[in-house]
Structure formats: structure tokens, C-alpha cells
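Residue numbers (my numbering): 13 to 416.
Ideal placement from N, C-alpha and C gives every residue a C-beta, glycine not left out.
Since the structure is predicted, the reported quantities are computational estimates derived from the model, not experimental observations.
Okay, structure first, notes after.
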Ligand SMILES: Cc1ncc(COP(=O)(O)O)c(C=O)c1O
């Protein structure tokens, strides 16, 4: 993967810790550049027909190896990113997609067929809920949602038709942490595929494939890129599902372009540094917010909570995304609180260097089966960025004056 590097040198870098590997990998010794080139291609040209056949045979023998005869299969730029992510995930392979949602779709499309059933965590990302419960229904695929805090609702809903358990951890907006080992053991006992959306923690904090999931999704739009200027997704797989995903990837053409792959690779160089700082900043903001009686923190902060225990059991750190469940009879004061923040942008997505805030309408949480919000409860989402945390806390403090 390091252009013009010997296998010995590549193995030397691969043997180092991920933090060191990230800083040294993907150098371009051919062009004497510290970063890899962006290789853009539709047509890939060969010296002769024999060379085309040779490459195609190599691709057949080694399907993870980066042999291409057409640009839709990728170029060396996408291959480098896939190799870096495969090391980070400690997986068999990583597929890269044009968006994170593309990776969600690919995971489902790879293993589920008409007549099958899917069981999903109730607080999945709401487009994932729409895709499964509404759209796939038209293809005779049934979706059932389980309560992340009561896994009997998972076990009791398994039938002979259940093909996939789709977990998102923590749950979108409510940040429920689940007992992941238990979910895997239920799946294995019943011979069911498993996928987990791991966008919140990324494999820097938790590695789903290592624990036993078949597939792990990350929206690369978020922390991988880290600079709010590119969309992408990754789907890590184990050996068991590799060929199924490879076939689905080929037939859907869901592949990331080289310019986006380059930007994501560039972002990854500092993934560890940024995530460590997001974690520290979020912890300071959480400590401040936890003193406010109107706010229940949806973040692994309070040591006596079940959420904290489940987070601690599996994760080595926490990212910058958190929820605030606010108790107030005055919804306008909640909106005023959010609108009075000066250092937080209002906008979708997260995982960039900047802080963001959103007041969540109940419909945005996907009309869940197991979540009920009382009339005087409101959800606000914060993404804690890389600003000085004292400035963020001062900003939140002045905005909180409006909360009644
Ligand atoms: C948990 C989660 N999964 C998947 C996605 C989809 O990622 P993308 O926006 O890159 O399609 C998002 C986007 O917000 C998300 O929050």
C-alpha cells in the first residue's frame, strides 16, 4: 500500500500501534510526497490484453488485494483508505461507500432477501428505520424493533425467518448503550447475521468485528473526515460475510470516489488526536451540565447508571456527541436556550471540528416503539467540538438563563 515501498518496510509500519501507523502510512516514495496521489480513473489502461487477463486473474485469486480493470472498482487511492481502515477495525476487509447511509444499505442488501425478517434496535438512525420498516416492506421483508434496554424483546421476536440483527450503539439521539456480547450470543445461537452502526464511537474506541459482529458501519462523513467537508461510509466485515458483501457491492456500484477517499485518508491521520480532545471537552461540558436539575444527560457520565456500565464494559473512550433530556413546561424557553448559543452552529451531521446544537422534534427520533417522551420533556443534541471547553461552557451558561 505504501507506493514503491518494500514489503519489509510495509510490515514494519503495520506492526506499530495504530497511532504511529496513521502518521507513517500511505507515503508516496515514487513522487517523494508524504501523502498518496489522487488517482482518478474510469478507464484503466493496460499494455496488452494479456495484462488485462493477468490482472483479472489476480483479482479473482485475491479479491481484497486492490487489482482493478475498471474505475468503478476503485483505484490505488481508495485501496489505501480501505487498508488503513481494515487495520483500524481489525477486520477481514473494509468496503468504502459514497455515504454512511450507503454502508447501512449495503450491509442489509448483502444478506437479506424477500421473505426474510430483520430485527433492529428501536433507536436506530431514523433513515435506517424508514429504509427497513417502510421501504423494504414493499419487498416482503419484515422489520421488528427491539428495546435496547430489554433484550428479551430481541430474543422473543426471533423466528425461523430472522436473517439479520441490526444494532446501533449507542442509539441515535437517546444514546442507549446495549449489552453487545449478549446480542452476539443470541445471534450465534440462532445462526443470524449481525451488523452494528458504530459511527458514534468509531473503531478507535470500540471494535465490533473483534467482539464478534459480522459487519460494522461507520459514517466516514463524521469523525473519520473530521472537517465537515466530505461524505463517505465504511463497512467492515469478517471472513464469513466477505463474499456476500463483495457481490452486493459489485452489483450496486456503491463505491467511494478517489477525491473523497483522499480527504478521508487525510482526516484519519489525526483521528486519535481529535477524538481524544472531543472526549476531554465533552467530559468537561458534561460535568457542567450534570449540575443543572432540569437536564438529564444522555452521555456515559454518571457512574451509577446502567448506560455508563454498558459503555465502560465495551468502550475505551467516548466521542463528542451527547443528548440532553430537558424537563420544562415551557417549550419556547427550550428553543430560546438553543437559539441563544453563539459558539454552536445549527445544522445536521456531526464529527467535525466544530460544535453543533439541534433541538430534536419527536418525529426526528423516528416514532419509536419503546421511547415515550412526556409533554414536558425535550431532546437537545450537542456535538462538542475542538474549541476551548471553557468558552463552550461560558456560552452554554449564558444561554441557560433562558431555560424556564
Ligand atoms: C449513526 C449514523 N449512522 C449513519 C449515518 C449516515 O451517514 P451519512 O450522513 O454519511 O450518510 C448517520 C448520519 O448522521 C448517523 O448519525
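* Is it true that the CB of residue 181 sits closer than 8 Å to the CB of residue 131? -> Going by C-beta atoms, residue 131 is not nearer than 8 Å to residue 181.
* **Secondary structure, alpha helix (DSSP H): runs of 4+ residues fully inside the region 270-318** => Segments of the alpha helix (DSSP H) lying fully in the region 270-318: 270-280 and 283-301.
* Asked: Alpha carbon to alpha carbon, how far is residue 34 from residue 203?
  -> So the two alpha carbons sit approximately 36 Å from each other.
* Asked: What is the rounded straight-line gap between the Cα of residue 289 and the Cα of residue 369?
  -> Going from the Cα of residue 289 to the Cα of residue 369 covers about 18 Å.
* Are the beta-carbon atoms of residue 236 and residue 280 separated by less than 8 Å? -> It is a contact, given that the beta carbons lie within the stated cut-off.
* C-beta atoms of residue 260 and residue 101 nearer than 8 Å -> Residue 260 places its beta carbon 8 Å or farther from that of residue 101.
* With a threshold of 7 Å, establish whether the CB of residue 137 neighbours any heavy atom of ligand 1. => For residue 137, the distance from the CB to the nearest heavy atom of ligand 1 is below 7 Å.
* What residue range is occupied by the uninterrupted beta strand (DSSP E) comprising residue 158? -> Where residue 158 is concerned, the enclosing beta strand (DSSP E) stretches over 154-158.
* Can you tell me whether residue 46 is buried or exposed, with buried defined as 16 or more other CB within 10 angstroms of its CB? -> Classification of residue 46: exposed, given that the 10 Å Cβ count is below 16.
* Measure the CB-CB distance between residue 245 and residue 229 and report whether it falls below 8 Å. => The Cβ-Cβ distance between residue 245 and residue 229 falls below 8 Å.
* Quick one: what's residue 372 bridged to in DSSP? -> Its beta-bridge partners are 391.
* What residue does the alpha helix (DSSP H) around residue 261 start on, and which one ends it? -> Per DSSP, residue 261 belongs to the alpha helix (DSSP H) from 251-264.
* Asked: DSSP three-state call for residue 219: helix, strand or coil?
  -> Coil, per DSSP.
* **Separation of residue 60 from residue 53, as counted between CA atoms** => A direct Cα-to-Cα measurement between residue 53 and residue 60 gives close to 18 Å.
* Compute the Euclidean distance between the alpha carbons of residue 256 and residue 407, then round it to the nearest angstrom. => Those two C-alpha atoms are separated by around 49 Å.
* Counting only runs that start and end within the region 13-83, where is the alpha helix (DSSP H) found for 4 or more residues in a row? -> Secondary structure in the region 13-83: the alpha helix (DSSP H) runs of 4 residues or longer, each lying completely within the stretch, are 19-26, 30-36 and 61-73 in chain order.
* For residue 241, count neighbouring C-beta atoms within 10 Å of its own C-beta (all shown protein chains included) and say buried if the count is 16 or more, exposed if not. => Residue burial is scored here from C-beta neighbours: residue 241 has fewer than 16 other C-beta atoms within 10 angstroms and is therefore classed as exposed.
* Which first and last residues belong to the beta strand (DSSP E) in which residue 117 is found? -> No beta strand (DSSP E) contains residue 117, which is instead part of the alpha helix (DSSP H) from 112-123.
* Taking three-plus beta-carbon pairs below 8 Å as touching, is the region 333-341 in contact with the region 390-402? -> Enough Cβ pairs lie closer than 8 Å, so yes.
* Nonlocal neighbours in the same chain, by C-beta distance under 7 Å from residue 81, ignoring five residues either side -> Closer than 7 Å at Cβ, skipping near neighbours: 56, 64, 67 and 68.
* Asked: For residue 161, which of 397, 177, 178 and 133 has the nearest alpha-carbon?
  -> The shortest C-alpha separation from residue 161 is found at 133.
* To do: Have a look at residue 321 and residue 184 and give me their C-alpha separation to the nearest angstrom.
  => Residue 321 and residue 184: Cα-Cα distance of roughly 18 Å.
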